[in-house]
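S.K.: So that you can map any letter, position 78 of the sequence shown is 78 in UniProt numbering, and since no number is skipped, the others follow by simple counting.
Virtual Cβ for every residue (Gly too), placed ideally from N, Cα, C.
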Amino acid sequence: MAAVDTIDYDYSHYFWGEKHLGFHVLYENMKHGEETVNEIGQFIKERLAMEEEYGKMFTKSINRRLLRMGTLHYALVGVIV
């Protein structure tokens, strides 16, 4: 069997010295995380605008149908108002 080399993965060893760029790696991950949060926030805002538009269209459609129904419209106006 081949011998397995053990590697020291002590977290603290990646922050000191010339070749250890632990801080840079953490900073880049944090920066990309901020970009991701901003993208998700923008998606939610766009989705909210779409839902509001859909709600307005749905309300207009319902109102048009109620107006065509004649007497039912007058019965429901009393309930809605």
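Report the rounded CA-to-CA distance for PHE23 versus ILE62, giving the unit in angstroms.
M.R.: 58 angstroms
S.K.: Give the secondary structure of LEU21 by DSSP, where H, G and I count as helix, E and B as strand, and everything else as coil.
M.R.: coil
S.K.: Does the Cβ of ARG64 have 16 or more other Cβ atoms within 10 Å, making it buried, or fewer, making it exposed?
M.R.: exposed
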